[in-house]
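Asks:
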Amino acid sequence: MNKFSVLMPVSNMERPSNLKRALDSITNQTVKPNEIVIVKDGIFTKELNDVLKKYKIKTIELTEHKGIGYSLNVGIQNCKYDLIARMDSDDISLPNRFELQLNRFKENKNLTILGGQILEFDENNIKKLRSVPVEYKDILKYTKKRNPFNHMSVMFKKEVILKLGNYKNTPYFEDYLLWANAIKNNYYVENLKEIIVLANNNSNTMKNRGQKKYIKPTIDFQKYLLKNKYINIFQFIKNILIRTTVAILPNKARGFIYSTFLRKKHSIELKDIYKI
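When you read off a place in the sequence shown, starting at 1, and then add 1073, the result is the number in this note's numbering.
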């Protein structure tokens, strides 16, 4: 198996219980990482630091909260191995996640970015599947209208990410921009068909996907895609109309749209794997 790093940015506002659960899901993998890199995004509380003391990890400390794009940019530069698995501090990686991803990288040497399917959960334990296309040709089409990867599920080659300029300070679209640039530069990408991560879709998620502050970054990102000829003017207008309309809706209405039209019900029983 290839050696690899796990990169996890952690906000200083994170719940200690979430962080512990996420780290446990990493250390209990069928194939364990060779290093875990934590970017401490802001000054940590004693409770958060106490959680980190229980694990063998490498930490990078930021003296103030910088956000996920900056944290990932710095974190990637400090990862030792070329293969890097992304992980969020409030999510759960299923036990065979890294094994599945490493096997696929071993099978296809041209592969540069590999994600997978995720199952979302919230405070009420409601589970929804966010599925993304598996094959390269389908990812190409999908990227024109929506993010083709579940960010917290990806494993990628550090060398390629650095060649693409690493993560940029593009609020809400740090990862989407990276994937679009990778595809534009003809790097081969895929998604696994399996569910590999349980994603914490809490009440703040819907707030972050909406409100007026979301509109300008959305328009700027679509302009970037248009300027770089990734989408045409018709797709640009369609994307803007759909995204800005959904953004200004009340949180409950926006949540209904995501839950009903952009997610799928899933009956998988997870209680025997992890207690959510």
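The beta carbon of each residue, even a glycine, is placed where N, CA and C say it ideally should be.
Please report the residue range of the alpha helix (DSSP H) in which ILE1306 lies.
Replies: Locating residue 1306 in the sequence shown gives position 233, counting from the first residue. Start and end: 1306-1320.
Asks: Tell me, please, whether the stretch 1141-1161 touches the stretch 1225-1242 by the rule of three or more beta-carbon pairs shorter than 8 Å.
Replies: They touch, by the three-pair rule.
Asks: Are at least three pairs of beta-carbons, each pair with one atom in the stretch 1121-1140 and one in the stretch 1087-1102, less than 8 Å apart?
Replies: Contact between the stretch 1121-1140 and the stretch 1087-1102 is present, because at least three Cβ pairs lie under 8 Å.
Asks: Return the chain-ordered list of same chain residues with a C-beta closer than 6 Å to the C-beta of LEU1235, the five sequence neighbours on each side being excluded.
Replies: Position 162 of the sequence shown, counted from the start, is the residue given in the question as residue 1235. Once the five neighbours on either side are set aside, LEU1235 has no close Cβ partner at all.
Asks: Give the single residue among LYS1217, SER1226, ALA1255 whose Cα lies nearest to the Cα of GLN1308.
Replies: Within the sequence shown, numbered from 1, the residue matching residue 1308 stands at position 235. Of the candidates LYS1217, SER1226, ALA1255, the one whose C-alpha sits nearest the C-alpha of GLN1308 is LYS1217.
Asks: Based on the DSSP output, what are the partners of MET1228 in its beta bridges?
Replies: To locate residue 1228, count along the sequence shown from 1; it is residue 155. ALA1158, LEU1187, per the DSSP bridge assignment.
Asks: Within 7 Å: the Cβ of SER1078 and any heavy atom of the ligand COA?
Replies: Here there are no bound small molecules, and the ligand COA is not part of this structure.
Asks: If contacts are defined as beta-carbon pairs under 8 Å, then GLY1189 and ILE1256 qualify, I think. What distance do you get, rounded to the angstrom?
Replies: Residue mapping note: residue 1189 aligns to position 116 of the sequence shown, counting from 1. Residue mapping note: residue 1256 aligns to position 183 of the sequence shown, counting from 1. So it is not a contact: roughly 18 Å between Cβ atoms.
Asks: Kindly list the residues whose CB is nearer than 8 Å to the CB of THR1317, restricted to its own chain and excluding five residues on each side of it in sequence; keep chain order.
Replies: The sequence position of residue 1317 within the sequence shown is 244, counting from 1. The answer, listed in chain order, is ILE1288, THR1291, ILE1292.
Asks: Could you check where the alpha helix (DSSP H) with PHE1077 kicks off and where it finishes?
Replies: Reading the sequence shown from its first residue, position 4 is the one you call residue 1077. Element bounds for PHE1077: not the alpha helix (DSSP H) but the beta strand (DSSP E), 1077-1084.
Asks: Skipping 5 residues on each side, what residues in its chain have a beta carbon closer than 8 Å to that of LEU1187?
Replies: Here residue 1187 is taken as the residue at index 114 of the sequence shown, counted from 1. Excluding positions up to five away in sequence, the list reads GLN1174, ARG1177, PHE1178, VAL1227, MET1228, PHE1229, VAL1262, GLU1263, ASN1264, LEU1265.
Asks: Does the distance from the C-beta atom of LEU1299 to that of ALA1253 stay below 8 Å?
Replies: Position 226 of the sequence shown, counted from the start, is the residue given in the question as residue 1299. Position 180 of the sequence shown, counted from the start, is the residue given in the question as residue 1253. Taking 8 Å as the Cβ cut-off, LEU1299 and ALA1253 do not qualify as a contacting pair.
Asks: In chain order, what residues of the same chain lie with their CB nearer than 8 Å to the CB of LEU1213, ignoring the 5 residues before and after it?
Replies: The residue labelled residue 1213 in the question sits at position 140 within the sequence shown. Excluding positions up to five away in sequence, the list reads ILE1256.
Asks: What beta strand (DSSP E) runs, 3 residues minimum, are completely inside the stretch 1099-1150?
Replies: Here the runs fully enclosed are 1108-1114, 1131-1135.
Asks: Tell me the rounded alpha-carbon separation between PHE1194 and ASP1164.
Replies: The residue you call residue 1194 lines up with position 121 of the sequence shown. The residue you call residue 1164 lines up with position 91 of the sequence shown. Taking the straight line from one Cα to the other gives about 9 Å.
Asks: Please report the distance separating the alpha-carbon of ASN1273 from that of LYS1286.
Replies: For the purposes of this step, residue 1273 is taken as the residue at position 200 of the sequence shown. For the purposes of this step, residue 1286 is taken as the residue at position 213 of the sequence shown. About 22 Å.
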